[in-house]
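Chemist: Below are the structure tokens for one structure; questions will follow.
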Amino acid sequence: GLKCACRLHKLLHLVCPSILTVAKMGADGMFAVQSAEAFPPLSASVPDESEACSRFKRHTTCRRIAVACRRGARTGGRQLQQQRAHGSEHPEGEKAEKVSIDKGLKVMADDMGSPTTQESGCRALLEIVQHGPAHQQEVVSMGGIDALVKAMHAHPMQHGVQIAAACALERLCSGNADHVVKLLQVDGVAVLIKAMTAFVDRQSLQEVGCKMLRNIAACSGDCQVKVAALGGIQATLRAMAAHPSSAAVQELGCRALREMAAYSASNQDDIVACGGIQRVLRAMEVHCKLSSIQVLGCGVLRNLTACNADFQDTVVSRGGVQVVLDAMANHADSADVQRAGCWALFCTCVHNAEAQKIGEAHGAVKATLKAMEQHREEARVQEAGCWVVKELAKLIVTKQSRTTFVTSTQAVLKAMDKHSAIAAVQTAAGGALRSLASHDSSGWVQTACLGRCGRFGRSTTKRILSVIKE
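Residue numbers (my numbering): 1109 to 1578.
See the structure below:
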């Protein structure tokens, strides 16, 4: 209809300009007929036919590409995967895929000013990259990452463009360090953080953003530094603060914080300075029934407190020890929660006498021994539990009951015997025995070790005897 109207209007102008007249009301209330020649040319008042039609074609092209991708995934995707699994080659199909990708990218590049075209193009690319690593590599090799970032940069206030492009980028960069490097080269992380800031109230975009920040930070130490320098920590904490009731945002936010805090003192300082400890503890309290958030929250606390007495004191003063113990009590059957909880307790108390006293007073020793007893087969639980016993050994010997002292020693010996082939468990258990024995003036630890040596294997017996000798 638009094309026909434009052509008809032009034809009338060319053939008989006098036919085109316009009725205009005068001051006396009468209508006067004026010639069309008194008005501006057609090009100034009516959209050019070629421009309007080209824009419409570009938009519909992107939509057709997206529809074709969906249909291909439904009808031929499974058959194509089976054929490829048997080593069959499909040069025609692969060529058609390349043509579709190239056509979609060209449409996006030619119509960068249209948010509708950019959103349709981003969705088309998202459909393609969801088909697997081969399609993702093809999209990246043809400039897909650059096109997606440009679309986000050109339309920063269009939520549809931002979420479609972010989802496609997340698929492309998940578990692929080379794609992450390309994303950083085109300032993709900065554009992503701007989108998270502009649409902080949109839960879906915050989820994708936190997931991407975590994946990028996990690639390498350099990527971790760049994400933090661009404001990734602040963006993550803003997302968690804006959506406290969303389990998905809290979980993905904790994942991102845990990754950015690992082995980076500067990132740890930024997280604590921005209220990261309070935000993580709040997430653990609100979502106390979700084991995944408890595991991730303990992981963040572990990374923050392992080498910093000030941060240990902050966790303790904010009630972090009780939050961790509540998590262990609420998820007693979860080995992952018990392991993460024991590590969080150890890192919060290590080399900090005041934190050790508070942990012992809140029941950290009993919670640790219960975890070790209930998850005897889990080597990682035994390792973490032994480190807690080592750190609290002085208080176990001097403050706890005789029964707790005996139970602690036996738990460490059982861990050594049960996991004799695992070096990490042997190291932790050996340290716990040494620490218990060093504070035991009665010599009961040595007596207990000698009395149980006959029940253990040869290698375990040797290790126990070496510990006693030391």
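Beta carbons: idealized from backbone N, C-alpha and C, even for Gly.
Whole-angstrom Cβ separation of M1304 and A1343, contact assumed at under 8 Å?
Modeler: By 1-based counting over the sequence shown, the position of residue 1304 is 196. By 1-based counting over the sequence shown, the position of residue 1343 is 235. M1304 to A1343, Cβ: 5 Å. Contact.
Chemist: Suppose you measure from the CA of K1258 to the CA of A1298; what does that come to, to the nearest Å?
Modeler: Taking the first residue of the sequence shown as 1, we reach residue 1258 at position 150. Taking the first residue of the sequence shown as 1, we reach residue 1298 at position 190. Spanning the two alpha carbons is a distance of roughly 12 Å.
Chemist: Helix, strand or coil for A1440 per DSSP?
Modeler: The sequence position of residue 1440 within the sequence shown is 332, counting from 1. If DSSP states are grouped into helix, strand and coil, A1440 belongs with coil.
Chemist: Go ahead and pull the three-state DSSP assignment for V1520.
Modeler: Locating residue 1520 in the sequence shown gives position 412, counting from the first residue. Reduced to three states, the DSSP call for V1520 is helix.
Chemist: Give the DSSP-derived three-state secondary structure of Q1554 in the structure shown.
Modeler: Here residue 1554 refers to the residue found at position 446 of the sequence shown. Three-state DSSP puts Q1554 in a helix.
Chemist: What are the boundary residues of the alpha helix (DSSP H) that includes P1223?
Modeler: Against the sequence shown, residue 1223 aligns to sequence position 115. 1223-1237 is the span of the alpha helix (DSSP H), which, as asked, contains P1223.
Chemist: Three or more C-beta pairs closer than 8 Å, one from the stretch 1482-1497 and one from the stretch 1427-1438: is that the case here?
Modeler: Segments in contact, no.
Chemist: From what residue to what residue does the alpha helix (DSSP H) around V1533 run?
Modeler: Reading the sequence shown from its first residue, position 425 is the one you call residue 1533. Start and end: 1531-1546.
Chemist: Can you say whether G1559 is buried or exposed, counting buried as having 16 or more other CB atoms within 10 angstroms of its CB?
Modeler: Along the sequence shown, read from residue 1 onward, the residue named residue 1559 stands at position 451. Classification of G1559: exposed, given that the 10 Å Cβ count is below 16.
Chemist: Locate the alpha helix (DSSP H) running through Q1402, then write down its first and last residues.
Modeler: Mapped onto the sequence shown, residue 1402 falls at position 294. That run of the alpha helix (DSSP H) goes 1399-1413.
Chemist: Under DSSP, the alpha helix (DSSP H) around G1340 begins and ends at which residues?
Modeler: Indexing the sequence shown from 1 puts residue 1340 at position 232. Element bounds for G1340: 1340-1350.
Chemist: Buried or exposed, going by whether 16 or more other CB atoms sit within 10 Å of the CB of R1346?
Modeler: The residue you call residue 1346 lines up with position 238 of the sequence shown. Buried, by the Cβ-count rule.
Chemist: Cα separation between E1227 and D1309?
Modeler: What you label residue 1227 is simply residue 119 of the sequence shown in a count that begins at 1. What you label residue 1309 is simply residue 201 of the sequence shown in a count that begins at 1. Whole-angstrom Cα-Cα distance: 20 Å.
Chemist: What three-state label does DSSP hand R1426 in the structure shown?
Modeler: Indexing the sequence shown from 1 puts residue 1426 at position 318. Note: R1426 maps to coil in three-state DSSP.
Chemist: CB-CB under 7 Å to R1571, same chain, minus the five flanking residues each way: which ones, in chain order?
Modeler: By 1-based counting over the sequence shown, the position of residue 1571 is 463. Excluding residues within five positions, the ones whose Cβ falls inside 7 Å are M1524, Q1534, G1538.
Chemist: If I measure Cβ to Cβ from E1359 and keep anything under 7 Å in the same chain, skipping five residues before and after, which residues do I get?
Modeler: Counting from 1 along the sequence shown, the entry for residue 1359 is found at position 251. These residues qualify, in order along the chain: S1400, I1401, L1404.
Chemist: DSSP state of P1264, grouped into three classes?
Modeler: One-based indexing of the sequence shown puts residue 1264 at position 156. Coil, per DSSP.
Chemist: Using the rule of at least 16 other Cβ atoms within 10 Å of the residue's Cβ for burial, across every protein chain shown, is M1587 buried or exposed?
Modeler: Not covered by the structure: residue 1587. The range shown for the chain is 1109 to 1578.
Chemist: If you compare alpha carbons, which of G1212, M1250, A1475 is closest to A1232?
Modeler: As a first step, residue 1232 must be located in the sequence shown, where it is residue number 124. The shortest C-alpha separation from A1232 is found at G1212.
Chemist: Quick one: grab the DSSP three-state call for N1460.
Modeler: For the purposes of this step, residue 1460 is taken as the residue at position 352 of the sequence shown. N1460: coil per DSSP, three-state reduction.
Chemist: Taking C-beta to C-beta, are A1364 and L1409 nearer than 8 Å?
Modeler: To locate residue 1364, count along the sequence shown from 1; it is residue 256. To locate residue 1409, count along the sequence shown from 1; it is residue 301. No, they are not a contact pair.
Chemist: Since S1282 and N1323 are thought to touch, with beta carbons under 8 Å apart, how far apart are those beta carbons, to the nearest angstrom?
Modeler: On the sequence shown, position 174 is the one that residue 1282 refers to. On the sequence shown, position 215 is the one that residue 1323 refers to. Between N1323 and S1282 the Cβ distance is about 5 Å, and since that is below 8 Å, they are a contact.
Chemist: Please report how far the alpha carbon of G1384 lies from the alpha carbon of D1218, in whole angstroms.
Modeler: As a first step, residue 1384 is located in the sequence shown; it is residue number 276 there, counting from the start. As a first step, residue 1218 is located in the sequence shown; it is residue number 110 there, counting from the start. Going by the C-alpha atoms only, they are around 44 Å apart.
Chemist: Which residues in the same chain as S1574 place their Cβ atom closer than 6 Å to its Cβ, once the five residues preceding and following it in sequence are excluded?
Modeler: The sequence position of residue 1574 within the sequence shown is 466, counting from 1. For S1574, where only same-chain residues beyond five positions count, there are no Cβ hits under 6 Å.
Chemist: What are the boundary residues of the alpha helix (DSSP H) that includes S1374?
Modeler: Residue numbering aside, residue 1374 sits at position 266 when the sequence shown is read from its first letter. Here the alpha helix (DSSP H) through S1374 covers 1373-1381.
Chemist: Would you mind reading off the limits of the alpha helix (DSSP H) that contains L1477?
Modeler: As a working mapping, residue 1477 is identified with position 369 in the sequence shown. Where L1477 is concerned, the enclosing alpha helix (DSSP H) stretches over 1472-1482.
Chemist: Thinking E1462 and K1507 are a contact (beta carbons under 8 Å), I'd like their distance in whole angstroms, please.
Modeler: Position 354 of the sequence shown, counted from the start, is the residue given in the question as residue 1462. Position 399 of the sequence shown, counted from the start, is the residue given in the question as residue 1507. Actually they do not touch by this definition, with Cβ atoms about 14 Å apart.
Chemist: Out of curiosity, what's the CA-to-CA distance linking S1528 and K1522?
Modeler: In the sequence shown, residue 1528 corresponds to position 420, counting from 1. In the sequence shown, residue 1522 corresponds to position 414, counting from 1. Distance between the alpha carbons of S1528 and K1522: 10 Å.
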